[in-house]
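Chemist:
Numbering (my numbering), first residue to last: 320 to 426.
Here it is as structure tokens:
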């Protein structure tokens with residue numbers, strides 16, 4: 320279970336899958352994603368079951384990007400990794416995305 324940003328950066332490598340549990344755009348909740356690129360700045364992810372999805376097609380096929388930001392913007396609780404646009408208030412109002420790392424790969 321990921322407990323901090325350092326562990327998350329080591330865990331999210333190309334091929335790692337995760338499921339979105341909460342998002343500032345409700346239509347993304349429940350979406351399963353696969354990391355295509357992870358580097359020191361952030362990571363890109365696609366929806367592997369949906370090759371024509373706008374998330375999958377974004378950034379020339381690398382997928383949607385999420386920048387790492389700094390540790391105070393993150394919260395790690397009960398296997399859920401959440402990033403907020405506020406480093407002090409970790410409430411629904413400031414949530415960007417919450418997700419859980421999946422044990423097995425998505426297609």
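Glycine included, C-beta positions come from ideal geometry on N, C-alpha and C. What you are looking at is a predicted structure, and each value in this text was computed from that prediction instead of being measured.
How many Å lie between residue 363 and residue 396 at the Cα?
Modeler: For residue 363 and residue 396, the distance between alpha carbons rounds to 23 Å.
Chemist: For residue 357, collect the residues of the same chain with a Cβ closer than 8 Å to its Cβ; drop the 5 residues on either side in sequence, then sort them by chain order.
Modeler: Only 328, 331, 332, 333, 335 and 363 meet the Cβ criterion.
Chemist: Look up residue 393 in the DSSP assignment and give the residues it is bridged to.
Modeler: 402, per the DSSP bridge assignment.
Chemist: Cutting at 8 Å between CB atoms, please list the residues of its own chain near residue 386, excluding the five before and the five after it.
Modeler: Result list for residue 386: 360 and 361, in chain order.
Chemist: Whole angstroms is fine: what's the gap from residue 389's alpha carbon to residue 370's?
Modeler: Residue 389 and residue 370: Cα-Cα distance of roughly 31 Å.
Chemist: Ignore the nearest five residues each way along the sequence and tell me which others in residue 365's own chain have a CB closer than 6 Å to its CB.
Modeler: Excluding sequence neighbours, residue 365 sits near 353, 355, 375 and 382.
Chemist: Within its chain, find whatever has a CB closer than 8 Å to the CB of residue 419; leave out the 5 residues flanking it on each side and keep chain order.
Modeler: If we look at residue 419 and ignore the five residues flanking it on each side, its Cβ neighbours are 337, 338, 340, 398, 399 and 400.
Chemist: Since residue 421 and residue 343 should fall inside the 8 Å C-beta cutoff, what is the C-beta to C-beta distance between them, to a whole number of angstroms?
Modeler: About 21 Å separates the two Cβ atoms, so there is no contact after all.
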